[in-house]
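First up is the structure itself, then whatever we jot down about it.
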Amino acid sequence: MNIQEYISSGIVESYVLGLADHEERAEFERMCAAHAEVRKARQLFELALEEQAMMNAITPPKNTKSKIFAEIEIAAENISATTNNQMLSVPSEEATRPATKVVSIGWQRYIAAASIGLLLISTALNLYFFDQYKSYSNRYETLMAQQTEMAKNNDVLRARLDTYESTLAMLRDPDMAVIKMPGTNVPTSPDSNGVATVYWNTRSKDVYLMVNNLPQPPSDQQYQLWAIVDGQPIDAGVFEVQNAAGLLRMKNIPRAQVFAVTLEKRGGSTTPQGPMYVMGKAS
Amino acid sequence: MGTAVTYTEHELVSLLKDRDSKAFGYLYDNYSGALNTIILQILNDVELANDVLQEVFINVWKKIESYDPTKGRLFTWMLNIARNASIDTLRSRAYQNSQKNRSFPDNVDALANRPSSEINIDNIGLKKVLEKLKEEHRILIELAYFKGYTHEEIAEIETIPLGTVKTRIRNALIQLRDHLK
Numbered sequence: 001m002n003i004q005e006y007i008s009s010g011i012v013e014s015y016v017l018g019l020a021d022h023e024e025r026a027e028f029e030r031m032c033a034a035h036a037e038v039r040k041a042r043q044l045f046e047l048a049l050e051e052q053a054m055m056n057a058i059t060p061p062k063n064t065k066s067k068i069f070a071e072i073e074i075a076a077e078n079i080s081a082t083t084n085n086q087m088l089s090v091p092s093e094e095a096t097r098p099a100t101k102v103v104s105i106g107w108q109r110y111i112a113a114a115s116i117g118l119l120l121i122s123t124a125l126n127l128y129f130f131d132q133y134k135s136y137s138n139r140y141e142t143l144m145a146q147q148t149e150m151a152k153n154n155d156v157l158r159a160r161l162d163t164y165e166s167t168l169a170m171l172r173d174p175d176m177a178v179i180k181m182p183g184t185n186v187p188t189s190p191d192s193n194g195v196a197t198v199y200w201n202t203r204s205k206d207v208y209l210m211v212n213n214l215p216q217p218p219s220d221q222q223y224q225l226w227a228i229v230d231g232q233p234i235d236a237g238v239f240e241v242q243n244a245a246g247l248l249r250m251k252n253i254p255r256a257q258v259f260a261v262t263l264e265k266r267g268g269s270t271t272p273q274g275p276m277y278v279m280g281k282a283s
Numbered sequence: 284m285g286t287a288v289t290y291t292e293h294e295l296v297s298l299l300k301d302r303d304s305k306a307f308g309y310l311y312d313n314y315s316g317a318l319n320t321i322i323l324q325i326l327n328d329v330e331l332a333n334d335v336l337q338e339v340f341i342n343v344w345k346k347i348e349s350y351d352p353t354k355g356r357l358f359t360w361m362l363n364i365a366r367n368a369s370i371d372t373l374r375s376r377a378y379q380n381s382q383k384n385r386s387f388p389d390n391v392d393a394l395a396n397r398p399s400s401e402i403n404i405d406n407i408g409l410k411k412v413l414e415k416l417k418e419e420h421r422i423l424i425e426l427a428y429f430k431g432y433t434h435e436e437i438a439e440i441e442t443i444p445l446g447t448v449k450t451r452i453r454n455a456l457i458q459l460r461d462h463l464k
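Residue numbers (this note's numbering), protein chains in the order written: chain Z, 1 to 283; chain D, 284 to 464.
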């Protein structure tokens, strides 16, 4: 029998479908190993059979897959359990290194205990730190509010400091003449304790006033500074006593022999009408 | 399934031998339907067929080491496992039935448990191909492949000589192959 006749005898199909007897199977496997054509014929029939089977597939019930997987997982566990047991029961290992074995199991136990301990500590610390976090968060909010408030105050203080610094700079100026005006210079003054000081820049002719001590006037009246030039009073501006912490900028006066303060109606007068409180000579 | 992964047969076998459960899932998704059909056609009973299908896949998983690719494709190997398992079940059940219910027709249970789906399992796959064969050929494949009878048993049942059984089966298989192409 030649190869072609053998192939077309039905042995290929008989073998693939599992209908060949033991002798036929053995012979077919020998023929496959020896002849590529036989292998080829077998593969062709296998593929035709497979394709036909795939086209006629009937999907099994849905839960079948999970049942099978559950089974093989149990089988896998049994296999690995057997393997472990075998490894433990290898006698040479037990005999040669029993001490190491015991020690290593001890270590594992300590490590396991330590792990649980650390976990508990970690959990406790988490709770503690969360509490702390909440508390710090609240405190932070408070501090932020305070900080904003302080920044505002700081701006106010800085503005005030700027004023004092510029005041100080003016006072330090060598061209600045200081004219003290005590109430005692005015016999008719309603307040003999009253004191005010004029700072007069002889170069720029700018005039500044410091209220040292003057009584608070009624609300419809205001103090007015006068420069007396050749016997004539010249208006140098009105001023408030309250919040007169620094130097009050008055009108520019080019020339004067005397400075004086009178109490006038609110807004001031063109010529002095009210009583004179303080007075000082420019020298 | 949801995964677009496909394996070549070589990759699949190598992964299965490494006990890769993902590859096994792929194997199941791909082939369970085709194997289910042949099991149903042999057993004619949905519940029994489902039990056998599970048994087949568990055996494939356990015995994958013994699969030899030089002797045939993976599907061929699995198909033979499925057929053998089905025939074992059929025979043990037929034996039990014959012992228990001698007064009842053999196939009463089988008829009661037939697949409830519209698919007529006798009208698809290999069984459909069989219908194209001559009656004398069809009967022999039916007995040999779907009932698992040996040639000697068939000779006895059909009251034809053993040599004739062998020749007819071979001829039937050649025709079957031609119809499959």
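Cβ atoms here follow ideal geometry from the backbone N, Cα and C, with glycine treated the same way.
Fair warning: this is a prediction, and the values are worked out from it, not measured in the lab.
Item	Value
Identified DSSP bridge partners for Lys305 (chain D)	For Lys305 (chain D), which the question treats as bridged, DSSP gives no partner whatsoever.
Helix, strand or coil at Lys449 (chain D) according to DSSP, with G and I counted as helix	helix
Beta-carbon proximity of Ala233 (chain D) to Leu295 (chain D), cut-off 8 angstroms	Residue 233 (chain D) falls outside the range modelled here, since chain D spans only 284 to 464, and no answer is possible.
CB contact below 8 angstroms: Phe340 (chain D) versus chain Z	yes
Test: Asn2 (chain Z) CB closer than 8 angstroms to a CB of chain D	no
Through-space distance from Val241 (chain Z) to Asp173 (chain Z), alpha-carbon basis	25 angstroms
Three-state secondary structure assigned by DSSP to Leu47 (chain Z)	helix
Amino acids of chain D, ordered along the chain, whose beta-carbon sits closer than 8 angstroms to that of Glu71 (chain Z)	Gln337 and Ile341
Distance between beta carbons of Asn193 (chain Z) and Met176 (chain Z), contact taken as under 8 angstroms	With 8 angstroms as the limit, Met176 (chain Z) and Asn193 (chain Z) do not qualify as a contact, their Cβ atoms being about 25 angstroms apart.
Contacts around Val16 (chain Z), its chain only, beta-carbon distance under 8 angstroms, and the 5 residues preceding and following it disregarded	Arg42, Phe45, Glu46 and Leu49
Exposure of Gly408 (chain D), with buried meaning 16 or more beta-carbon neighbours within 10 Å	buried
Any C-beta of chain Z under 8 angstroms from that of Tyr311 (chain D)	yes
Sequence-distant residues of its chain with Cβ nearer than 6 angstroms to Thr262 (chain Z) (five each side left out)	Gln224, Pro272, Gly274 and Met276
Rounded distance between the beta-carbons of Val229 (chain Z) and Ala256 (chain Z), thought under 8 angstroms	5 angstroms
Buried or exposed by the 16-neighbour rule on C-beta atoms within 10 Å, applied to Phe28 (chain Z)	buried
Segment limits, beta strand (DSSP E) that includes Ile179 (chain Z)	Met176 to Pro182
Strand pairing of Arg249 (chain Z), partner residues [DSSP]	Z:Tyr208
Contacting residues, own chain, Cβ-Cβ under 8 angstroms from Lys449 (chain D) (five flanking each side not counted)	His434
Cβ separation of Ile364 (chain D) and Val339 (chain D), assumed to be a contact under 8 angstroms, to the nearest whole Å	6 angstroms
Beta-carbon proximity of Ala317 (chain D) to Ala57 (chain Z), cut-off 8 angstroms	yes
Chain C contact residues for Leu463 (chain D), given Cβ-Cβ distances below 7 angstroms	No chain C is present in this structure, whose protein chains are Z and D.
Members of the region 418-444 of chain D near chain Z, C-beta cut-off 9 angstroms	Ile424, Ala427, Tyr428, Thr433 and His434
6 angstroms Cβ shell around Lys410 (chain D) - same chain, five flanking residues per side excluded	Gln324
Short CB-CB distance (under 8 angstroms) between Thr372 (chain D) and chain Z	no
Cutoff 8 angstroms: Ser284 (chain Z) Cβ touching any chain D Cβ	No answer is possible for residue 284 (chain Z): it lies beyond the span of chain Z, which begins at 1 and ends at 283.
CB-CB length for Glu425 (chain D) against Arg356 (chain D), believed under 8 angstroms	Not really, about 25 angstroms apart at Cβ, beyond 8 angstroms.
Gly494 (chain D) versus Arg39 (chain Z) - alpha carbon distance	Outside the shown range of chain D, which is 284 to 464, sits residue 494 (chain D), and nothing can be said about it.
Segment limits, alpha helix (DSSP H) that includes Tyr15 (chain Z)	Val12 to Val16
Proximal residues of chain D, C-beta to C-beta of Phe45 (chain Z) below 7 angstroms	Arg460
is_contact[Val38 (chain Z), chain D] using C-beta, thresh 8 angstroms	no
Residues, ordered as in the chain, of the region 108-142 of chain Z that lie near chain D by beta-carbon distance below 7 angstroms	none
Beta carbon of Ile358 (chain Z) nearer than 8 angstroms to that of Lys205 (chain Z)	There is no way to answer for residue 358 (chain Z), as the model of chain Z reaches only from 1 to 283.
Min CB distance Ala317 (chain D) to chain Z below 8 angstroms	yes
Bounding residues of the alpha helix (DSSP H) (the contiguous stretch that carries Gln337 (chain D))	Val329 to Lys346
Start-to-end residues for the beta strand (DSSP E) that takes in Val258 (chain Z)	Val258 to Lys265
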